[in-house]
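Student: My questions all concern the structure below.
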Amino acid sequence: MKIVIAGAGAVGTHLSRLLSTEKHDCVLIDDDEERLGGIDSNYDILAINGQPTSIKTLKDAGTGDADLFVGVTPQESTNITACILAHAMGAKKTVARIDNYEYLSPSNEAFFKNLGIDSLIYPEVLAAQDIISGLKLSWVRQRWDVHEGALVLLGVKLRETAEILNQPLKDLCGPDDPYHIVAIKRGDDTIIPSGLDELKNLDLAYFMTTVEYIPYIRKIVGKEHYDDVQNVIIMGGGKTAVRAALTLPEYMNLKIIERDADRCERLNQLLAETDTMVIHGDGRDLALLQEENIKNTQAFVALTDNAETNILACLTAKKLGVRKTIAMVENLDYVSMAEGLDIGTIINKKTIAASHIFKMMLKADVRNMRSLMMVDSDVAEFVAAEGSRVTRKQVKELGLPFGVTIGGLVRQGEGILVSGNTQIQTGDSVMVFCHKHQLSKVEKYFKKQGIF
Numbered sequence: 007m008k009i010v011i012a013g014a015g016a017v018g019t020h021l022s023r024l025l026s027t028e029k030h031d032c033v034l035i036d037d038d039e040e041r042l043g044g045i046d047s048n049y050d051i052l053a054i055n056g057q058p059t060s061i062k063t064l065k066d067a068g069t070g071d072a073d074l075f076v077g078v079t080p081q082e083s084t085n086i087t088a089c090i091l092a093h094a095m096g097a098k099k100t101v102a103r104i105d106n107y108e109y110l111s112p113s114n115e116a117f118f119k120n121l122g123i124d125s126l127i128y129p130e131v132l133a134a135q136d137i138i139s140g141l142k143l144s145w146v147r148q149r150w151d152v153h154e155g156a157l158v159l160l161g162v163k164l165r166e167t168a169e170i171l172n173q174p175l176k177d178l179c180g181p182d183d184p185y186h187i188v189a190i191k192r193g194d195d196t197i198i199p200s201g202l203d204e205l206k207n208l209d210l211a212y213f214m215t216t217v218e219y220i221p222y223i224r225k226i227v228g229k230e231h232y233d234d235v236q237n238v239i240i241m242g243g244g245k246t247a248v249r250a251a252l253t254l255p256e257y258m259n260l261k262i263i264e265r266d267a268d269r270c271e272r273l274n275q276l277l278a279e280t281d282t283m284v285i286h287g288d289g290r291d292l293a294l295l296q297e298e299n300i301k302n303t304q305a306f307v308a309l310t311d312n313a314e315t316n317i318l319a320c321l322t323a324k325k326l327g328v329r330k331t332i333a334m335v336e337n338l339d340y341v342s343m344a345e346g347l348d349i350g351t352i353i354n355k356k357t358i359a360a361s362h363i364f365k366m367m368l369k370a371d372v373r374n375m376r377s378l379m380m381v382d383s384d385v386a387e388f389v390a391a392e393g394s395r396v397t398r399k400q401v402k403e404l405g406l407p408f409g410v411t412i413g414g415l416v417r418q419g420e421g422i423l424v425s426g427n428t429q430i431q432t433g434d435s436v437m438v439f440c441h442k443h444q445l446s447k448v449e450k451y452f453k454k455q456g457i458f
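Using my numbering, the first residue of the sequence shown is number 7, and each one after it goes up by one.
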């Protein structure tokens, strides 16, 4: 496929590198030659220095032949304009990064579609959604609800208190059990498990289950002693913090600590209709944290622009007794270090945005896709088309590629865990887990017959 990306910032650069490793024809446009110069020569990316809204630049990039055009510059208006032009030139699909929450309203979807923009992404909103999901369960590293909770994916760090350690998975999660283990991170290794694999102490395990069995999962992983989150402190008052504050459940109390006095005033204006307390100060200041009753705080969220600051602040909060910590880590080189330090939940806007964009490249019907950054795996919600290969045989007879597993499906609004004897039906929403870069091998199973 040919993909043209406008904007060599954090998201655009990450996406172009990701796509180039998948052997796609990738073109990256930016008006700053220095940013383009930072692209590693090891990646097969054509860099073009020019304005993303220049018709000449777009033509030079071959936009008219693009399967996907992505506008991810820092300027919302540039992204929208570039996508409109790209669509007019013949680009098959377009996606624009925005920072106006109003545009995301479902009522505006047809309006932007008529302009030639197929999808909008607001990375800070997507990150805030992940943060809120994580806060709702203090004992979970990552949570993802499918079809409003018909299925739930839970990432849990296992400790010695878990009662499911050192037993073959075939004895723990059979066809009649209320959960499946779909991925395991052990040290630097990622395991898409089979029935003979076992869970070990300090594994990060991903459970697929349904909402009613969340308390059961909590019991078997030994996390019943974790307090539910009621009091939250966020360090850093940027866009992600604002979106999180505006969507925080009513039963949670929030304090935002921000170093910049002018930003504090702006936060008070933006959050005037909430009960959020805005504090001028440094979230790493021990005296300030103690003054703000850190000992009675169940969750600490570090959202500054500096990964090192966020990691340090979360370590400090943990030493002061906070069990749930969440760190924004935009530098991917620091992600494994943060995991090694047992920071807790790690948020990376680049990978969140890239997942949203990547699903648009798949030809099968994909409703959702997430990159499970900590286990170097992807999870996607495929809809089984009529006559597709996945509907012709039981799961155990499909011959799925190595490293691929199906964790569950949603049929007529009901979540169903999948076993080898399951027969997938047309219209089922199926949750597929696989090692990174394998989704393109999986999608052929879900396409309508004859579409390859």
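No residue lacks a Cβ here, since even glycine has one placed at the ideal position from N, Cα and C.
Treat the numbers as computed from the prediction; the structure is a model and nothing was measured.
To which residues does DSSP link H286 through a beta bridge?
Tutor: The residue labelled residue 286 in the question sits at position 280 within the sequence shown. E264, per the DSSP bridge assignment.
Student: Bridge partners of P174, per DSSP?
Tutor: If you number the sequence shown from 1, residue 174 lands on position 168. Paired residues: E204.
Student: On the DSSP letters alone, give me the boundaries of the beta strand (DSSP E) that M502 sits inside.
Tutor: The first residue shown for the chain is 7 and the last is 458, placing residue 502 beyond what the model contains.
Student: Among residues of its own chain, excluding the 5 on either side of C526, which ones have a beta-carbon nearer than 6 Å to its beta-carbon?
Tutor: With the chain represented from 7 up to 458, any question about residue 526 goes unanswered, as that position is not in the structure.
Student: How many whole angstroms separate the CB atoms of Y2 and L159, which I take to be in contact at a CB cut-off of 8 Å?
Tutor: Residue 2 is absent from the model: the chain starts at 7 and stops at 458.
Student: Give me the Cβ distance between R103 and V131, rounded to the nearest whole Å; I'm assuming they're in contact under 8 Å.
Tutor: Sequence index remark: in the sequence shown, residue 103 carries index 97 (1-based). Sequence index remark: in the sequence shown, residue 131 carries index 125 (1-based). About 11 Å; that fails the 8 Å criterion.
Student: Name the residue from S342, C179, I262 whose alpha carbon lies nearest to the alpha carbon of L295.
Tutor: Numbered from its first residue, the sequence shown carries residue 295 at position 289. Minimum Cα distance to L295 is reached at I262.
Student: Do the segment 252-262 and the segment 280-294 touch if we need at least three Cβ pairs shorter than 8 Å?
Tutor: Segments in contact, yes.
Student: What does DSSP give as the partner residues of R192 in its beta bridges?
Tutor: For the purposes of this step, residue 192 is taken as residue 186 along the sequence shown, with counting starting at 1. Bridge partners of R192: D195.
Student: Take F458 and list the residues in its own chain whose beta-carbon comes closer than 8 Å to its own, dropping the five residues that flank it on each side.
Tutor: Working through the sequence shown from its first residue, we reach residue 458 at position 452. Because F458 carries a pLDDT of 43, less than 50, the predicted location of this residue cannot be relied on, and the following value inherits that uncertainty. Only K450 meet the Cβ criterion.
Student: Which residue marks the beginning of the alpha helix (DSSP H) containing K447, and which one marks its end?
Tutor: Taking the sequence shown and counting its residues from 1, the one referred to as residue 447 is at position 441. Where K447 is concerned, the enclosing alpha helix (DSSP H) stretches over 445-448.
Student: Just to confirm my understanding: we take V248, look at its own chain, exclude 5 residues before and 5 after, and list those with CB closer than 6 Å. What are they?
Tutor: Taking the first residue of the sequence shown as position 1, residue 248 is located at position 242. So the list reads L276, once near-sequence residues are dropped.
Student: Which of the three DSSP states, helix, strand or coil, is assigned to A250?
Tutor: As a first step, residue 250 is located in the sequence shown; it is residue number 244 there, counting from the start. Looking at A250 - three-state DSSP - the assignment turns out to be helix.
Student: Using a threshold of 9 Å, state whether the C-beta atoms of P199 and T59 are closer than that.
Tutor: As a working mapping, residue 199 is identified with position 193 in the sequence shown. As a working mapping, residue 59 is identified with position 53 in the sequence shown. Result no, Cβ atoms of P199 and T59 do not sit closer than 9 Å.
Student: First and last residue of the beta strand (DSSP E) that includes C32?
Tutor: By 1-based counting over the sequence shown, the position of residue 32 is 26. Element bounds for C32: 31-36.
Student: Can you tell me which of the three DSSP states H186 falls into?
Tutor: In the sequence shown, residue 186 corresponds to position 180, counting from 1. Strand.
Student: Between the segment 227-242 and the segment 302-311, do three or more beta carbon pairs fall short of 8 Å?
Tutor: They touch, by the three-pair rule.
Student: Quick one: what does DSSP say V401 is sitting in, helix, strand or coil?
Tutor: If you number the sequence shown from 1, residue 401 lands on position 395. Correct three-state label for V401: helix.
Student: With a cut-off of 8 Å, do at least 3 Cβ pairs link the segment 182-191 to the segment 375-393?
Tutor: With the cut-off at 8 Å, the segment 182-191 and the segment 375-393 touch.
Student: Between which residues of its own chain and L202 is the CB-CB distance below 8 Å, once the five residues before and five after are set aside?
Tutor: The residue you call residue 202 lines up with position 196 of the sequence shown. For L202, where only same-chain residues beyond five positions count, the Cβ hits under 8 Å are P174, L175, K176.
Student: Quick one: measure Cβ to Cβ for T459 and R290, integer angstroms, because I've assumed they're closer than 8 Å.
Tutor: With the chain represented from 7 up to 458, any question about residue 459 goes unanswered, as that position is not in the structure.
Student: What did DSSP end up calling V416 once you bin it into helix, strand or coil?
Tutor: For the purposes of this step, residue 416 is taken as residue 410 along the sequence shown, with counting starting at 1. Reduced to three states, the DSSP call for V416 is strand.
Student: Pull up the CB-CB distance for A72 and A88, whole angstroms please, since I reckon it's below 8 Å.
Tutor: Here residue 72 refers to the residue found at position 66 when the sequence shown is read from its first residue. Here residue 88 refers to the residue found at position 82 when the sequence shown is read from its first residue. So it is not a contact: roughly 12 Å between Cβ atoms.
Student: Have a look at S47, D182, V389, K365 and flag the residue whose alpha-carbon is nearest the alpha-carbon of L445.
Tutor: As a working mapping, residue 445 is identified with position 439 in the sequence shown. Per the Cα distances, K365.
Student: Sorted by chain position, which residues of the same chain lie with C-beta nearer than 7 Å to G228's C-beta, five sequence neighbours on each side aside?
Tutor: By one-based count along the sequence shown, residue 228 stands at place 222. Within the same chain, G228 has close Cβ partners R165, T167, A168, E169.
Student: In angstroms, rounded to a whole number, what distance separates the CA positions of P255 and S144?
Tutor: Taking the first residue of the sequence shown as 1, we reach residue 255 at position 249. Taking the first residue of the sequence shown as 1, we reach residue 144 at position 138. Approximately 14 Å, taken between the alpha carbons.
Student: Reducing DSSP to helix, strand and coil, say where N374 ends up.
Tutor: Locating residue 374 in the sequence shown gives position 368, where the first residue counts as 1. DSSP places N374 in strand when its eight states are reduced to three.
Student: Once the 5 residues before and after R149 are set aside, which same chain residues still bring their CB inside 8 Å of it?
Tutor: Taking the sequence shown and counting its residues from 1, one reaches residue 149 at position 143. The answer, listed in chain order, is S139, G140, K142, L143, V158, L159, L160, G161.
Student: Let me check one thing: in DSSP terms, what residues is E387 bridge-paired to?
Tutor: For the purposes of this step, residue 387 is identified with residue 381 of the sequence shown, where counting begins at 1. Answer is N374, M437, bridged to E387.
Student: Going by alpha carbons, who is nearest to I317 out of L210, L347, E298?
Tutor: The residue given as residue 317 occupies position 311 in the sequence shown. The option with the nearest alpha carbon to I317 is L347.
Student: Assign T215 to one of two classes, buried (16 or more other C-beta atoms within 10 Å of its C-beta) or exposed (fewer than that).
Tutor: Within the sequence shown, numbered from 1, the residue matching residue 215 stands at position 209. Buried, because 16 or more other Cβ atoms sit within 10 Å of the Cβ of T215.
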